[in-house]
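Please read the structure below before turning to the comments.
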């Protein structure tokens, strides 16, 4: 069975791309920890995504994405409904970023 050594994207006190650049050559997979709250967001812009793609190409790094949601699926119905809506909204924002970079469309 093959395994890949990985890390999260927040090891050093910096943004995602500088972390991935420093981790390149040390790990084979990086989990991109994304967050989005009313006060702040770290969803990557196009330049960051292009930089991540270049690091992946050069160092053969793969990525997994931790979506920026705080789901409360065990909560009462109104909170549960908001969590589900938030999940799909975040998913669409992340997919639209990928689509702009690679012309990638989900099945």
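In the working numbering, the protein residues as written are 31 to 137.
C-beta atoms are modelled at their ideal positions from N, C-alpha and C, and glycine is treated no differently.
Note that the coordinates shown come from a computational prediction; the quantities given were computed from them, not determined experimentally.
Exercise. In whole angstroms, what is the alpha-carbon distance linking residue 52 and residue 108?
Worked result: 42 Å
Exercise. How would you label residue 135, buried or exposed, when you count the other beta carbons within 10 angstroms and need 16 or more for buried?
Worked result: For residue 135, the predicted structure reports a pLDDT of 47, less than 50, and the residue's modelled location is therefore unreliable. The matter cannot be settled from this model.
Problem set entry | Option in 36, 43, 45, 73 with minimal Cα separation from residue 60 | 36
Exercise. In or out: residue 43 buried (at least 16 other Cβ within 10 Å) or exposed?
Worked result: exposed
Exercise. Among 39, 45, 50, 57, which one has its Cα closest to the Cα of residue 33?
Worked result: 57
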